[in-house]
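Enquirer: The numbering used here numbers the first residue of the sequence shown as 3 and each following residue consecutively.
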Amino acid sequence: INTVLVKLQPNAEQATIARLQQLYAAYNPGFTLDYTFLDADYQAQYIAERRVAVLARYFAGLAILISALGLLGLAAFTAERRRKEIGIRKALGASELSIVWLLTGSLTWLVVVAIVLALPLSYLLLQRWLEGFAYHVTWQWWYFTAAGMGALLIAWLTVSVQAWRAARRNPVLSLRTE
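Here you go:
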(Lines of atoms letter the chains of each structure in order from A and count residues from 1; the text may use other names and numbers.)
(Lines give C-alpha, C1' and ligand atoms only; values in the text may rest on other atoms or scores of the structure.)
Protein backbone atom coordinates (compact mmCIF):
# COMPACT_ATOMS: atom_id res chain seq x y z
CA ILE A 1 0.00 0.00 0.00
CA ASN A 2 1.46 3.31 -1.06
CA THR A 3 -1.12 5.81 0.18
CA VAL A 4 -3.69 5.63 2.94
CA LEU A 5 -6.19 8.38 3.68
CA VAL A 6 -7.33 8.67 7.28
CA LYS A 7 -10.05 10.97 8.52
CA LEU A 8 -9.10 12.46 11.88
CA GLN A 9 -11.41 13.50 14.66
CA PRO A 10 -11.14 17.17 15.64
CA ASN A 11 -8.69 17.84 18.49
CA ALA A 12 -7.38 14.26 18.37
CA GLU A 13 -4.80 14.62 15.62
CA GLN A 14 -1.68 13.94 17.69
CA ALA A 15 -3.12 10.88 19.42
CA THR A 16 -4.31 9.43 16.11
CA ILE A 17 -0.95 10.05 14.44
CA ALA A 18 0.88 8.39 17.35
CA ARG A 19 -1.40 5.34 17.09
CA LEU A 20 -0.89 5.17 13.30
CA GLN A 21 2.88 5.29 13.80
CA GLN A 22 2.67 2.38 16.25
CA LEU A 23 0.59 0.33 13.82
CA TYR A 24 2.89 1.16 10.92
CA ALA A 25 6.00 0.22 12.93
CA ALA A 26 4.36 -3.10 13.90
CA TYR A 27 3.69 -4.07 10.28
CA ASN A 28 6.72 -2.37 8.66
CA PRO A 29 9.63 -2.50 11.09
CA GLY A 30 12.59 -0.35 10.09
CA PHE A 31 10.48 2.14 8.15
CA THR A 32 9.02 5.39 9.40
CA LEU A 33 5.55 6.65 8.69
CA ASP A 34 5.62 9.59 6.32
CA TYR A 35 2.41 11.58 6.59
CA THR A 36 0.99 14.87 5.38
CA PHE A 37 -2.29 16.61 5.94
CA LEU A 38 -4.59 16.96 2.95
CA ASP A 39 -5.41 20.59 3.66
CA ALA A 40 -1.68 21.44 3.74
CA ASP A 41 -1.14 19.63 0.42
CA TYR A 42 -4.08 21.48 -1.07
CA GLN A 43 -2.74 24.84 0.13
CA ALA A 44 0.73 24.03 -1.22
CA GLN A 45 -0.69 23.61 -4.72
CA TYR A 46 -1.68 27.27 -4.84
CA ILE A 47 1.26 28.90 -3.07
CA ALA A 48 2.87 29.87 -6.38
CA GLU A 49 -0.36 31.51 -7.52
CA ARG A 50 -0.54 33.47 -4.27
CA ARG A 51 2.99 34.75 -4.81
CA VAL A 52 2.13 35.73 -8.37
CA ALA A 53 -1.00 37.51 -7.10
CA VAL A 54 1.01 39.54 -4.58
CA LEU A 55 3.59 40.47 -7.23
CA ALA A 56 0.82 41.33 -9.68
CA ARG A 57 -0.77 43.68 -7.15
CA TYR A 58 2.49 45.49 -6.54
CA PHE A 59 3.33 45.82 -10.21
CA ALA A 60 -0.23 46.84 -11.09
CA GLY A 61 -0.05 49.59 -8.49
CA LEU A 62 3.31 50.68 -9.88
CA ALA A 63 1.93 50.65 -13.44
CA ILE A 64 -1.08 52.72 -12.38
CA LEU A 65 1.19 55.21 -10.63
CA ILE A 66 3.50 55.53 -13.65
CA SER A 67 0.51 55.86 -15.99
CA ALA A 68 -1.06 58.54 -13.80
CA LEU A 69 2.20 60.47 -13.73
CA GLY A 70 2.48 60.21 -17.51
CA LEU A 71 -1.09 61.37 -17.91
CA LEU A 72 -0.43 64.25 -15.52
CA GLY A 73 2.56 65.25 -17.64
CA LEU A 74 0.50 65.02 -20.82
CA ALA A 75 -2.22 67.16 -19.23
CA ALA A 76 0.35 69.75 -18.15
CA PHE A 77 1.86 69.79 -21.64
CA THR A 78 -1.57 70.15 -23.26
CA ALA A 79 -2.58 72.95 -20.89
CA GLU A 80 0.66 74.80 -21.54
CA ARG A 81 0.36 74.33 -25.29
CA ARG A 82 -3.20 75.66 -25.22
CA ARG A 83 -2.47 78.42 -22.70
CA LYS A 84 -3.26 81.27 -25.08
CA GLU A 85 -6.42 79.56 -26.32
CA ILE A 86 -7.56 79.13 -22.72
CA GLY A 87 -6.75 82.78 -21.99
CA ILE A 88 -8.79 83.93 -24.99
CA ARG A 89 -11.71 81.69 -24.03
CA LYS A 90 -11.67 83.05 -20.47
CA ALA A 91 -11.43 86.64 -21.72
CA LEU A 92 -14.47 86.00 -23.90
CA GLY A 93 -16.44 84.68 -20.91
CA ALA A 94 -15.88 80.94 -20.77
CA SER A 95 -16.44 79.42 -17.36
CA GLU A 96 -13.79 77.49 -15.49
CA LEU A 97 -15.91 74.36 -15.75
CA SER A 98 -16.10 74.60 -19.55
CA ILE A 99 -12.32 74.92 -19.75
CA VAL A 100 -11.88 71.93 -17.44
CA TRP A 101 -14.23 69.93 -19.68
CA LEU A 102 -12.29 71.08 -22.75
CA LEU A 103 -8.99 69.81 -21.38
CA THR A 104 -10.40 66.71 -19.69
CA GLY A 105 -12.49 65.65 -22.67
CA SER A 106 -9.59 65.56 -25.09
CA LEU A 107 -7.58 63.27 -22.83
CA THR A 108 -10.60 61.14 -21.93
CA TRP A 109 -10.76 59.87 -25.49
CA LEU A 110 -7.21 58.56 -25.20
CA VAL A 111 -8.17 56.59 -22.10
CA VAL A 112 -11.37 55.27 -23.71
CA VAL A 113 -9.42 54.04 -26.75
CA ALA A 114 -6.90 52.35 -24.44
CA ILE A 115 -9.72 50.64 -22.54
CA VAL A 116 -11.41 49.45 -25.73
CA LEU A 117 -8.12 47.96 -26.93
CA ALA A 118 -7.20 46.42 -23.56
CA LEU A 119 -10.48 44.74 -22.61
CA PRO A 120 -10.64 42.04 -25.33
CA LEU A 121 -6.95 41.28 -24.93
CA SER A 122 -7.23 40.98 -21.14
CA TYR A 123 -10.30 38.77 -21.48
CA LEU A 124 -8.46 36.37 -23.80
CA LEU A 125 -5.37 36.26 -21.60
CA LEU A 126 -7.42 35.61 -18.46
CA GLN A 127 -9.38 32.84 -20.16
CA ARG A 128 -6.15 31.16 -21.26
CA TRP A 129 -4.66 31.46 -17.77
CA LEU A 130 -7.78 30.07 -16.07
CA GLU A 131 -7.84 27.01 -18.36
CA GLY A 132 -4.88 25.66 -16.37
CA PHE A 133 -6.96 25.30 -13.20
CA ALA A 134 -9.29 22.43 -12.38
CA TYR A 135 -11.67 24.78 -10.59
CA HIS A 136 -11.97 28.37 -11.71
CA VAL A 137 -14.38 31.25 -11.66
CA THR A 138 -16.29 32.51 -14.65
CA TRP A 139 -15.80 36.14 -15.56
CA GLN A 140 -18.76 38.46 -15.53
CA TRP A 141 -19.05 41.45 -17.85
CA TRP A 142 -19.19 43.88 -14.93
CA TYR A 143 -15.63 42.96 -13.81
CA PHE A 144 -14.29 44.52 -16.98
CA THR A 145 -16.72 47.42 -16.81
CA ALA A 146 -15.58 48.16 -13.26
CA ALA A 147 -11.94 48.03 -14.34
CA GLY A 148 -12.64 50.42 -17.20
CA MET A 149 -14.57 52.80 -14.97
CA GLY A 150 -11.75 52.66 -12.43
CA ALA A 151 -9.25 53.57 -15.13
CA LEU A 152 -11.45 56.46 -16.24
CA LEU A 153 -11.85 57.67 -12.66
CA ILE A 154 -8.09 57.64 -12.07
CA ALA A 155 -7.55 59.45 -15.37
CA TRP A 156 -10.17 62.09 -14.59
CA LEU A 157 -8.79 62.71 -11.13
CA THR A 158 -5.27 63.01 -12.53
CA VAL A 159 -6.17 65.31 -15.42
CA SER A 160 -8.68 67.43 -13.52
CA VAL A 161 -5.98 68.70 -11.14
CA GLN A 162 -4.00 70.15 -14.02
CA ALA A 163 -7.14 71.31 -15.85
CA TRP A 164 -8.37 73.25 -12.80
CA ARG A 165 -4.98 74.92 -12.50
CA ALA A 166 -5.11 75.98 -16.13
CA ALA A 167 -8.73 77.13 -15.84
CA ARG A 168 -8.07 79.22 -12.73
CA ARG A 169 -5.03 80.95 -14.23
CA ASN A 170 -5.48 84.66 -14.87
CA PRO A 171 -6.11 85.20 -18.63
CA VAL A 172 -4.10 88.43 -18.53
CA LEU A 173 -0.95 86.45 -17.76
CA SER A 174 -1.61 84.15 -20.73
CA LEU A 175 -2.24 87.00 -23.17
CA ARG A 176 0.38 89.46 -21.90
CA THR A 177 2.87 88.73 -24.71
CA GLU A 178 0.30 89.34 -27.46
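All C-beta atoms in this analysis are idealised placements derived from N, C-alpha and C, irrespective of residue type, glycine included. Quick caveat, the model's predicted, so the values are computed rather than measured.
Compare the C-alpha of A120 against each of N13, A17, G150 and S108 and name the closest.
Expert: Comparing Cα positions, the closest option is G150.
Enquirer: Starting from Q142, trace the alpha helix (DSSP H) both ways and give me its first and last residue.
Expert: Careful: Q142 lies outside any alpha helix (DSSP H) and carries neither H nor E.
Enquirer: Only counting the same chain, and skipping five residues up and downstream in sequence, which positions put a Cβ closer than 8 Å to that of Y125?
Expert: Closer than 8 Å at the Cβ level, and outside the excluded window around Y125, lie W141 and F146.
Enquirer: List the whole-angstrom C-beta distance separating I90 from L177, where the pair is believed to meet the contact cut-off of C-beta under 8 Å.
Expert: About 7 Å separates the two Cβ atoms, so the contact holds.
Enquirer: Could you please give the first and the last residue of the uninterrupted alpha helix (DSSP H) stretch that includes Y48?
Expert: Neither: Y48 is in no alpha helix (DSSP H) and is coded neither H nor E.
Enquirer: Near L10, what residues of its chain come up, given a Cβ to Cβ distance below 7 Å and the 5 sequence neighbours on each side ignored?
Expert: Counting only Cβ-Cβ distances below 7 Å, and skipping sequence neighbours, we find T18.
Enquirer: Under the three-state reduction of DSSP, which class applies to P12: helix, strand or coil?
Expert: Of the three classes helix, strand and coil, the one that applies to P12 here is coil, per DSSP.
Enquirer: Should L105 and A70 be called a contact, given that it needs their Cβ atoms to be closer than 8 Å?
Expert: Going by C-beta atoms, L105 is not nearer than 8 Å to A70.
Enquirer: Taking only runs of the beta strand (DSSP E) that begin and end inside the segment 101–164, which ones reach a length of at least 3 residues, in chain order?
Expert: Fully enclosed beta strand (DSSP E) runs of 3 or longer: not present.
Enquirer: Start and end of the alpha helix (DSSP H) containing G89?
Expert: Here the alpha helix (DSSP H) through G89 covers R85 to A93.
Enquirer: Between L154 and the rest of its own chain, which residues show a CB-CB distance below 8 Å, the 5 nearest in sequence each way excluded?
Expert: Cβ within range, chain order: T110, V113, V114 and I117.
Enquirer: Just the Cα atoms here: how many angstroms apart are R2 and G152?
Expert: No answer is possible for residue 2: it lies beyond the span of the chain, which begins at 3 and ends at 180.
Enquirer: For L177, which three-state DSSP category applies?
Expert: Here L177 sits in helix by DSSP.
Enquirer: Pick from E133, R84, P122 and Y137: whose alpha carbon is nearest that of A165?
Expert: The candidate whose alpha carbon is nearest that of A165 is R84.
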